[in-house]
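Protein chains in written order, with our numbering: chain A, 105 to 335; chain B, 105 to 335. For reference, the structure discussed in these notes is given below.
Number of protein chains: 2
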Amino acid sequence: MPPSPHIEQHFTAGEAVRDIVIGMSDGLTVPFALAAGLTGAVSSTHLIVTAGLAEISAGSIAMGLGGYLAARSDAEHYASEGRREEEEIGTVPDVEAQEVAEIFQSYGLTTEESASVVASLRRRPQHWVDFMMRFELGLEKPEPGRALRSALTIAGAYVVGGMIPLSAYLVFSDAHRALLVSVAVTLAALGVFGGIKGRFTGAPVGRSAFQTVVIGGLAAAAAFGIARLIS
Amino acid sequence: MPPSPHIEQHFTAGEAVRDIVIGMSDGLTVPFALAAGLTGAVSSTHLIVTAGLAEISAGSIAMGLGGYLAARSDAEHYASEGRREEEEIGTVPDVEAQEVAEIFQSYGLTTEESASVVASLRRRPQHWVDFMMRFELGLEKPEPGRALRSALTIAGAYVVGGMIPLSAYLVFSDAHRALLVSVAVTLAALGVFGGIKGRFTGAPVGRSAFQTVVIGGLAAAAAFGIARLIS
Chain A
105 MPPSPHIEQH
115 FTAGEAVRDI
125 VIGMSDGLTV
135 PFALAAGLTG
145 AVSSTHLIVT
155 AGLAEISAGS
165 IAMGLGGYLA
175 ARSDAEHYAS
185 EGRREEEEIG
195 TVPDVEAQEV
205 AEIFQSYGLT
215 TEESASVVAS
225 LRRRPQHWVD
235 FMMRFELGLE
245 KPEPGRALRS
255 ALTIAGAYVV
265 GGMIPLSAYL
275 VFSDAHRALL
285 VSVAVTLAAL
295 GVFGGIKGRF
305 TGAPVGRSAF
315 QTVVIGGLAA
325 AAAFGIARLI
335 S
Chain B
105 MPPSPHIEQH
115 FTAGEAVRDI
125 VIGMSDGLTV
135 PFALAAGLTG
145 AVSSTHLIVT
155 AGLAEISAGS
165 IAMGLGGYLA
175 ARSDAEHYAS
185 EGRREEEEIG
195 TVPDVEAQEV
205 AEIFQSYGLT
215 TEESASVVAS
225 LRRRPQHWVD
235 FMMRFELGLE
245 KPEPGRALRS
255 ALTIAGAYVV
265 GGMIPLSAYL
275 VFSDAHRALL
285 VSVAVTLAAL
295 GVFGGIKGRF
305 TGAPVGRSAF
315 QTVVIGGLAA
325 AAAFGIARLI
335 S
């Protein structure tokens, strides 16, 4: 029998796509909203560009390092839980065997029906550890080297996303004209990004584009309103 | 046999804790770095407070809505994959039964050893669907009502986190004095937050506190440097 082709239909976004989505979602939204908000309070594009670049550098570093540490801590969590399972399988195999039976019971199987699986796992301790990691704890084995790649991808996507709204303020010296161009360019970019994101995550493309535009628009409108209110 | 007490040692952070960590990590870092960066470029605390509040409103809305949509799309993904598995179990049960056998093969079990599990699942289609969701696709059933709760928790944590560095600029009218106080207060808050986060995620408390302080400090230093460079 050939490998079942239908498995590929369960497509979910790869790690790199997920990292780009994380970085670009915030990169397109927060610097955009900050620049729009400041346009409600000051008229110097130089100051808005300064604040925008400060935000982009801060945001990309914070998100990139955050992603790095999250990936590292996932890997450490997996390793430490793995050692614990290994130890338990060595010291209290009967308790662990009972846990395997309980996992199957939650899917309606009697202890007799799962007995052959339990017996087989008991003969293969390393497979047993892997089985408990996935089926008791729901943990996936992390890919090596992922932490650094993840950090650079998230930070890079944040910078690229953030430069789109800011570019209008670099081109036009009148802040209000720059705001109009920035709004138009960024809402269009959010729509395209939302649509592409929908393709990768399996959400309907039109709805994903619409939602992404609404988030960016609401965040920018709120920032604009608050900055205008207090200035 | 009583429920095995050792399971509780596999403690992982609850959803609410995870959302607070997501919101507060960025909330403590990005507005802090932005305010520090602007202090390198302007001397008016009023403008820094304006930019800071604009950032906090933009960031909390963007992260909160982002969290809402992520939780909603997880729930929809789960439901649509569930319908697909249900349909496949109805139309091509032999292919699905073969997939169950393959899952067990990856843990070293022969087709004979897993046969009784496969036979039992074939008699209980609903359990079979649940089994495939967890063990083939690695998907967890999402909690209902989670999306809204998640959005409000993330946004609230972002606002609370962001007001800590900004509070110094509200109290002191001299931007450079405000910066010194903001740095001291925020690095202390990052350390406490990092330590608490470590307790919940199972990382060593001291290392978690240190890493969190370093991320915030680096992001703020980079923002300060870039803003000073271009102003």
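Built from N, CA and C at the ideal position, the CB exists for glycine as well.
Reduced DSSP secondary structure (H/G/I, E/B, other) of residue i
i: B:SER210; result: coil
i: A:SER148; result: strand
i: B:ALA324; result: helix
i: A:LEU335; result: Checking the displayed sequence, the identity of residue 335 of chain A turns out to be Ser instead of Leu. A:SER335: coil per DSSP, three-state reduction.
i: B:HIS114; result: Residue placement at B:HIS114 cannot be trusted, given a pLDDT of 40 that sits under 50; what the coordinates show is reported in the next sentence. Three-state result, B:HIS114: coil.
i: B:MET105; result: For B:MET105, the pLDDT reaches just 36, beneath the cut-off of 50, and the residue's location in the model is therefore unreliable, although a value from the coordinates is still provided. Three-state DSSP puts B:MET105 in coil, outside helix and strand.
Backbone CA spacing between residue i and residue j [nearest angstrom]
i: B:GLU200; j: B:GLY212; result: 19 Å
i: A:ALA325; j: A:TRP232; result: 54 Å
i: B:ALA155; j: A:SER161; result: 15 Å
i: B:ALA259; j: A:GLU244; result: 29 Å
i: A:ARG250; j: A:TYR182; result: 14 Å
i: B:LEU241; j: B:ALA219; result: 21 Å
i: B:ALA166; j: A:GLY320; result: 7 Å
i: A:ALA120; j: B:MET237; result: 24 Å
i: A:GLN230; j: A:VAL263; result: 43 Å
i: B:ALA205; j: A:LEU256; result: 39 Å
i: A:VAL275; j: A:ARG303; result: 32 Å
i: B:PRO135; j: B:GLU159; result: 6 Å
i: B:ARG311; j: B:GLY299; result: 8 Å
i: A:GLU180; j: A:ALA313; result: 36 Å
i: A:SER164; j: B:ALA137; result: 11 Å
i: A:LEU57; j: B:ALA261; result: Here chain A has residues from 105 to 335 only, and residue 57 of chain A is not among them.
i: A:GLU337; j: A:GLU217; result: In the structure as shown, chain A starts at 105 and stops at 335, and residue 337 of chain A therefore has no counterpart that could be examined.
i: A:GLY186; j: A:ASP234; result: 8 Å
i: B:PRO246; j: A:ARG226; result: 32 Å
i: B:THR215; j: A:ARG228; result: 16 Å
i: B:ARG188; j: A:PHE208; result: 22 Å
i: B:PHE239; j: B:ASP178; result: 17 Å
i: A:TYR273; j: B:ILE126; result: 30 Å
i: B:MET128; j: A:ARG332; result: 26 Å
i: A:ARG281; j: A:VAL318; result: 22 Å
i: B:GLN202; j: A:SER224; result: 19 Å
i: A:SER254; j: B:ALA279; result: 36 Å
Cβ-based burial, residue i [other Cβ within 10 Å; buried from 16]
i: A:ASP130; result: buried
i: A:THR133; result: buried
i: A:LEU283; result: buried
i: B:ASP123; result: buried
i: B:PRO248; result: exposed
i: B:THR316; result: buried
i: B:ILE334; result: exposed
i: B:PRO308; result: exposed
i: A:VAL222; result: buried
i: A:GLY265; result: buried
i: A:VAL296; result: exposed
i: A:ALA294; result: Residue identity differs from the one stated: residue 294 of chain A is Leu in this sequence, not Ala. Buried, because 16 or more other Cβ atoms sit within 10 Å of the Cβ of A:LEU294.
i: B:THR149; result: buried
i: B:THR305; result: buried
i: B:LEU252; result: exposed
i: B:SER286; result: buried
i: A:SER184; result: exposed
i: B:SER210; result: exposed
i: B:SER147; result: exposed
i: A:SER277; result: exposed
Contact test: residue i Cβ vs the ligand GDP heavy atom, cutoff 7 Å
i: A:GLY171; result: In terms of ligand content, the structure shown is empty, and the ligand GDP therefore cannot be addressed.
Could you tell me whether the segment 141 to 160 of chain A touches the segment 169 to 180 of chain A, using the rule of 3 or more Cβ pairs below 8 Å?
-> No: the two stretches stay apart, fewer than three of their Cβ pairs being nearer than 8 Å.
Should the segment 264 to 276 of chain A be regarded as contacting the segment 285 to 304 of chain A, the criterion being three or more beta carbon pairs within less than 8 Å?
-> Yes, the segment 264 to 276 of chain A touches the segment 285 to 304 of chain A.
Is there contact between the segment 173 to 184 of chain B and the segment 188 to 197 of chain A, where contact requires at least three CB pairs shorter than 8 Å?
-> Under the Cβ criterion (8 Å, minimum of three pairs), the segment 173 to 184 of chain B does not count as touching the segment 188 to 197 of chain A.
Using 8 Å as the threshold, is the segment 126 to 143 of chain B in touch with the segment 318 to 332 of chain B, meaning 3 or more CB pairs across them?
-> The segment 126 to 143 of chain B makes contact with the segment 318 to 332 of chain B; the number of CB pairs closer than 8 Å reaches 3 or more.
Taking only beta carbons into account, state which residues of the segment 155 to 166 of chain B come closer than 9 Å to chain D, listed in chain order.
-> Among the protein chains in the structure shown, which are A and B, there is no chain D.
Going along the chain, which unbroken runs of the alpha helix (DSSP H) with 4 or more residues stay wholly within the segment 170 to 256 of chain B?
-> If we require 4 residues or more, the alpha helix (DSSP H) runs fully inside the segment 170 to 256 of chain B come out as 197 to 209, 215 to 227 and 229 to 239.
Quick one: which unbroken alpha helix (DSSP H) runs of 4-plus residues sit fully inside the segment 257 to 321 of chain B? Chain order, please.
-> 279 to 305, all fully within the segment 257 to 321 of chain B.
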